[in-house]
Amino acid sequence: MMSRSESLFERAKRVLPGGVNSPVRAYQSVGGCPRFIKKAEGTYVYDEEGKRYLDYIGSWGPMILGHNHPEIQEAVIGAARNGLSFGTATEMEVQMGELLCELVPCFDMVRMVNSGTEAVMSAIRAARGFTGRDKIIKFEGCYHGHFDALLVKAGSGVMTAGIPDSSGVPKGCAKDTLTAVYNDMDSVRTLFEDNQGQIAALIIEPVAANMGVVLPEEGFLKELRKICTQNGTLLIFDEVITGFRLGLQGAQGAYGVTPDLATFGKIIGGGMPVGCYGGRREIMEMIAPLGSVYQAGTLSGNPVAMAAGLKELSILKEHPEIYGHLEELGETFRSGVRDILKKHGAKCQITGTGSLSCLFFTDIPVTNYEEAKTSDVQAFADYFHYMLDHGIHLAPSQFEAIFFNNAMKPKDVDQTLRVMDSYFALKE
Ligand code: PMP
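Here the sequence shown is numbered in full-length UniProt numbering, starting from 1 and rising by one per residue.
Following this line, the structure appears as structure tokens:
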């Protein structure tokens with residue numbers, strides 16, 4: 001007999017492409033039937049059959065406090081009682097703007113949007129408007145949402161599906177997108193030399209989390225800052241994953257490098273559809289209605305979404321010890337995994353920082369996209385299903401992150417390590 005997830009997946013495939021509303025959810029690279037989740041609480045998600053899983057997806061980032069946090073839930077219900085959307089200015093948007101500008105080093109001004117994709121698309125437009133230039137540089141394996149100009153050598157689902165570029169993107173849209181190699185300054189220098197005076201912006205995930213998790217090498221982000229300043233190019237940090245995860249100041253605080261613009265996504269919405277972009281005042285003053293760069297959104301700054309985000313960010317601000325706890329969970333996990341790999345002679349790489357990790361099924365260290373692609377995705381799929389069968393809910397792709405949340409306890413990490421140990425013992 002079919003499980004409820006299986007029968008729902010069959011129904012879903014008739015009306016939703018691939019049965020899903022976002023590709024990675026379809027288990028395209030690991031095979032099998034996605035678990036349809038009915039509810040979530042703390043560290044756990046529960047599928048339609050009522051089976052409980054220790055969850056390392058965390059809605060791909062926003063659930064940094066754990067699922068269904070009671071204060072966020074209350075804030076959302078409270079806001080909903082006053083009305084779901086007004087399409088007018090509200091006090092909560094002012095509070096959100098003030099909080100973001102206080103916490104994010106590069107923010108003098110900020111504009112709320114509804115997703116990470118929208119944030120990046122708008123930031124790129126602002127950078128082009130401000131500089132009067134068209135070209136942009138991105139890095140292979142970095143994902144910045146599904147905006148036409150950035151679906152070039154992208155990570156995340158694009159990488160999982162083995163699609164280097166998307167069809168449906170006009171050549172013209174991608175022609176001004178130049179790609180460099182992550183952690184390779186020479187590749188960046190060459191692009192600047194070949195395109196002098198033409199590059200509006202360089203955008204990067206300061207910790208890459210869409211080709212698995214790849215850390216910037218010592219000094220790399222500082223060198224990028226330098227070359228951008230020298231060339232009048234705006235440096236954009238896409239902090240959709242790193243924002244409020246590597247600390248209250250995001251990657252820009254953690255690495256001590258201040259970009260000109262930064263983009264944030266889901267994590268500032270506490271689970272509601274939210275994103276924002278912001279940066280230096282003179283750039284942000286180019287945005288309509290102040291300036292000539294048009295960007296708008298009926299539901300932007302939506303009151304229910306603002307209530308959720310404000311509550312989440314306020315909790316993080318008032319309890320900075322949360323980051324110590326997340327760091328400890330991440331470090332305990334990574335050192336435990338290192339021991340397991342050594343014990344069983346498994347040829348894998350464990351990467352990460354703070355509450356972001358990744359286990360690459362490759363025997364070479366991973367510092368860029370080409371190296372990430374050496375991973376054995378079949379081996380990952382095998383491991384993924386073993387973990388799932390043992391109640392551990394990982395992202396269904398080799399090229400996504402493992403997210404820790406504040407509701408997790410050391411015993412949860414221990415349990416995860418025990419399951420991993422038994423898996424690698426079987427494979428010895
Ligand atoms: N930038 C980065 C770094 C991301 O990881 C993502 C999605 N995970 C996006 C942009 C796009 O965000 P969204 O899915 O909200 O459009």
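Where is the CB? At the ideal position from N, CA and C, for every residue including glycine.
State the Cα-Cα distance for the pair G247 and L103, rounded to the nearest angstrom.
On the sequence shown, position 247 is the one that residue 247 refers to. On the sequence shown, position 103 is the one that residue 103 refers to. Looking at the two C-alpha atoms, the distance is approximately 10 Å.
When you get a sec, list the residues whose CB is within less than 5 Å of any heavy atom of the ligand PMP, chain order please.
S115, G116, T117, H144, G145, E205, D238, V240, I241 and G265
Beta-carbon proximity of F264 to E239, cut-off 7 Å
Along the sequence shown, one-based indexing puts residue 264 at 264. Along the sequence shown, one-based indexing puts residue 239 at 239. Cβ distance < 7 Å, so F264 and E239 count as in contact.
Within the region 20-76, ranges of the beta strand (DSSP E) (whole runs, at least 3 residues):
37-41, 44-47 and 52-55
Helix, strand or coil at residue 430 according to DSSP, with G and I counted as helix:
Nothing about residue 430 can be read from this structure; the chain reaches only from 1 to 428.
Compare the Cα-Cα distances from Y143 to each of A149, A154, K135 and L388 and report the closest residue.
Residue mapping note: residue 143 aligns to position 143 of the sequence shown, counting from 1. It is A154 whose Cα lies nearest to the Cα of Y143.
Keeping to the same chain, check which residues put their C-beta closer than 8 Å to that of V207; ignore five residues upstream and five downstream.
As a first step, residue 207 is located in the sequence shown; it is residue number 207 there, counting from the start. Excluding residues within five positions, the ones whose Cβ falls inside 8 Å are V213, V214, L215, P216, I241, T242, L246, A251, T353 and L356.
Euclidean distance between Cα positions of T351 and A89:
For this step, residue 351 is matched to residue 351 along the sequence shown. For this step, residue 89 is matched to residue 89 along the sequence shown. Each residue's alpha carbon lies about 43 Å from the other.
First and last residue of the beta strand (DSSP E) that includes I137?
By 1-based counting over the sequence shown, the position of residue 137 is 137. That run of the beta strand (DSSP E) goes K135 to F139.
D238 - DSSP class collapsed to helix/strand/coil:
By 1-based counting over the sequence shown, the position of residue 238 is 238. In this structure, D238 counts as strand in the three-state DSSP scheme.
When A26, P17, L8 and M2 are compared against S397, the one with the closest alpha-carbon
Residue 397 sits at position 397 when you count from the first residue of the sequence shown. Answer by Cα proximity: A26.
Have a look at G253 and F333 and give me their C-alpha separation to the nearest angstrom.
Counting from one through the sequence shown, the residue named residue 253 turns up at place 253. Counting from one through the sequence shown, the residue named residue 333 turns up at place 333. Taking the straight line joining both Cα atoms gives about 24 Å.
Rounded separation between R125 and E328 - CA only
Taking the first residue of the sequence shown as 1, we reach residue 125 at position 125. Taking the first residue of the sequence shown as 1, we reach residue 328 at position 328. In this model, R125 and E328 are separated by some 39 Å (Cα to Cα).
Determine the DSSP secondary structure at S122, reduced to helix, strand or coil.
Residue mapping note: residue 122 aligns to position 122 of the sequence shown, counting from 1. Residue state, collapsed to three classes: helix.
Status (buried if at least 16 other CB within 10 Å, exposed otherwise) for K409
Here residue 409 refers to the residue found at position 409 of the sequence shown. Its Cβ having fewer than 16 others within 10 Å, K409 is exposed.
Following the continuous beta strand (DSSP E) through M109, name the residue where it begins and the one where it ends.
Position 109 of the sequence shown, counted from the first residue, corresponds to residue 109. Taken as a continuous stretch (DSSP letters only), the beta strand (DSSP E) holding M109 covers M109 to V113.
Do you know whose CA, among L221, D176, K222 and T190, lies nearest A200's CA?
As a working note, residue 200 is residue 200 in the sequence shown. Among L221, D176, K222 and T190, the Cα nearest to that of A200 is on D176.
Per the DSSP calculation, M272 is bridged to which residue(s)?
Taking the sequence shown and counting its residues from 1, the one referred to as residue 272 is at position 272. Answer is G270.
Please report the distance separating the alpha-carbon of A407 from that of P170.
Here residue 407 corresponds to residue number 407 of the sequence shown, with the count starting at 1. Here residue 170 corresponds to residue number 170 of the sequence shown, with the count starting at 1. One C-alpha to the other measures close to 44 Å.
Measure the alpha-carbon distance for H60 versus R280 and round it to whole angstroms.
Along the sequence shown, read from residue 1 onward, the residue named residue 60 stands at position 60. Along the sequence shown, read from residue 1 onward, the residue named residue 280 stands at position 280. Correcting the residue type first, residue 60 is Trp in the shown sequence and not His. The alpha-carbon atoms of W60 and R280 are separated by roughly 28 Å.
Stretch-stretch touch, CB-based, cutoff 8 Å, three pairs: the region 65-80 with the region 310-322:
yes
Following the continuous alpha helix (DSSP H) through I283, name the residue where it begins and the one where it ends.
Along the sequence shown, read from residue 1 onward, the residue named residue 283 stands at position 283. Secondary structure note for I283: its alpha helix (DSSP H) is the uninterrupted segment R281 to M284.
List, from N- to C-terminal side, the alpha helix (DSSP H) runs of 4 residues or more that fit wholly inside the region 180-204.
185-194
List the residues that DSSP assigns as beta-bridge partners of G278.
Mapped onto the sequence shown, residue 278 falls at position 278. DSSP output for G278 lists V110 and A262 as bridge partner(s).
Which residue marks the beginning of the beta strand (DSSP E) containing F360, and which one marks its end?
One-based indexing of the sequence shown puts residue 360 at position 360. L356 to F360 is the extent of the beta strand (DSSP E) around F360.
Do F237 and P259 have their beta-carbon atoms positioned less than 7 Å apart in this structure?
Your numbering for residue 259 matches position 259 in the sequence shown. Your numbering for residue 237 matches position 237 in the sequence shown. Yes, they are a contact pair.
Do you know whose CA, among S115, E428 and I364, lies nearest N302's CA?
What you label residue 302 is simply residue 302 of the sequence shown in a count that begins at 1. When each option's Cα is compared against that of N302, the closest is S115.
Between which residues of its own chain and R338 is the CB-CB distance below 7 Å, once the five residues before and five after are set aside?
Sequence index remark: in the sequence shown, residue 338 carries index 338 (1-based). I350.
How close, in whole Å, do the beta carbons of L150 and V120 come, if the pair is a contact with beta carbons under 8 Å?
In the sequence shown, residue 150 corresponds to position 150, counting from 1. In the sequence shown, residue 120 corresponds to position 120, counting from 1. Contact flag correct, Cβ pair sits at about 6 Å.
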